[in-house]
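Residue numbers (mature numbering (1 follows the signal peptide of the UniProt record, and there is no 0)): -43 to -1, 1 to 235. One structure is given here, and the rest of the page talks about it.
Written as structure tokens, this is what we have:
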């Protein structure tokens, strides 16, 4: 077999030239690909809020709630889960609506859910149910048992509570009667309170200035009022205008009630409306 040194050198030279050409083309393609990625990145970063608005126009009434991920304002049905109970510290107490209505929220008797009730300006209940965190959407929802719908809630920068489709509310705070009471003086509650503000109501509550109370009911809804429970009052430190009416007749019976405006209370787990009549 003959050996040609020059032939091997030429072959090596050919392959070396091919490799250089391939590397040159590869660098060119990589440069183009990198430029394309950079352009796409800049386009995404430069996308304005108006661009997002085309697919999501979900704002709060004052523009403070920018719902970037399209979380639903409402949806049908919400399975109750005590482990996802809302934080009472955020919602507890009474809230005044922009339309003159009142929203009240408190724990239920079992303490495993935060309940709410919404009254219109005429003190008619328009919604009630429970407040629960929904992990899938990362929001608290007000589930209205009247229509089977859950409504998203959020707070704006001023602390106002927004509940989609139900309204916007401001918490009753400040020097409300009895809010800072700690000396046992309950004169602001003293008097007779009638359910629905009706002197002929089937249910009546009487308070005295020392903090004692009596719950009276009319047999057959039209007889003479008869005392069915009584006890003492304690201030609920977790919320403005919230109190506990502790029974001295029935063991472990405690009624939550919320004072609004000095002459209205919402009593018990169903937030029955009572008004003081002088």
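The beta-carbon is built from N, C-alpha and C at its ideal position, and this holds for glycine as well. Since the model is a prediction, treat every value here as computed from it, not as a measurement.
Under the three-state DSSP convention, the category residue i falls into
i	result
residue 35	coil
residue 179	coil
residue 18	For residue 18, the predicted model reports a pLDDT of 48, less than 50, meaning its position is unreliable and no value from the coordinates is stated.
residue 26	coil
residue 6	At residue 6, the pLDDT of 35 sits below 50, so the modelled position is not reliable and the matter cannot be decided from this model.
residue 173	strand
residue 114	coil
residue 231	strand
residue 216	strand
residue -2	Caution applies to residue -2, whose pLDDT of 47 falls short of 50 and renders its modelled position unreliable; the value that the coordinates give is listed next. Reduced to three states, the DSSP call for residue -2 is helix.
residue 163	strand
residue 41	helix
residue -18	A caution first: residue -18 carries a pLDDT of 49, below 50, which makes its placement in the model too unreliable to give a value.
residue 137	Residue confidence is low: residue 137 scores 40 on pLDDT, short of 50, so the model does not pin down where it sits. Its coordinate-derived value is still stated next. Coil.
residue -41	Because residue -41 sits at a pLDDT of 38, beneath the cut-off of 50, its placement in the model cannot be relied upon, and the following sentence gives the value as read from the coordinates. Three-state DSSP puts residue -41 in coil, outside helix and strand.
Member of the options whose CA lies at the smallest distance from the CA of residue i
i	options	result
residue 87	79, 59 and 63	63
residue 69	164, 37, 189 and 160	37
residue 194	100, 50, 115 and 113	50
residue 171	83, 180 and 151	151
residue 244	174, 191, 192 and 178	Nothing about residue 244 can be read from this structure; the chain reaches only from -43 to 235.
residue 168	93, 218, 59 and 200	200
residue 146	158, 154 and 162	162
residue 233	218, 101 and 208	218
residue 176	188, 187, 158 and 95	158
residue 102	84, 187, 207 and 59	84
residue 227	66, 89, 46 and 31	66
residue 28	121, 76 and 48	121
residue 105	91, 58 and 32	32
residue 108	100, 115 and 114	100
residue 76	55, 89, 45 and 181	55
residue 41	129, 110 and 71	71
residue 129	61, 210 and 43	61
residue 192	182, 142, 154 and 179	142
residue 149	52, 58, 235 and 46	235
residue 94	80, 82, 155 and 111	111
First through last residue of the beta strand (DSSP E) which encompasses residue i
i	result
residue 76	71 to 76
residue 60	59 to 64
residue 223	221 to 224
residue 200	199 to 204
residue 94	First-last for residue 94: undefined, no H or E at that position.
residue 51	50 to 54
residue 148	148 to 152
residue 128	124 to 128
Start and end residues, alpha helix (DSSP H) containing residue i
i	result
residue 143	Residue 143 -> no alpha helix (DSSP H), and no H or E assigned at all.
Which residues DSSP lists as bridging residue i, in chain order
i	result
residue 101	86 and 106
residue 186	172
residue 255	For residue 255 there is no data in the structure shown, the boundaries of the chain being -43 and 235.
residue 191	201
Any non-hydrogen atom of the ligand MG within 6 Å of residue i CB
i	result
residue 31	Because no ligand of any kind appears in the structure shown, any question about the ligand MG cannot be addressed here.
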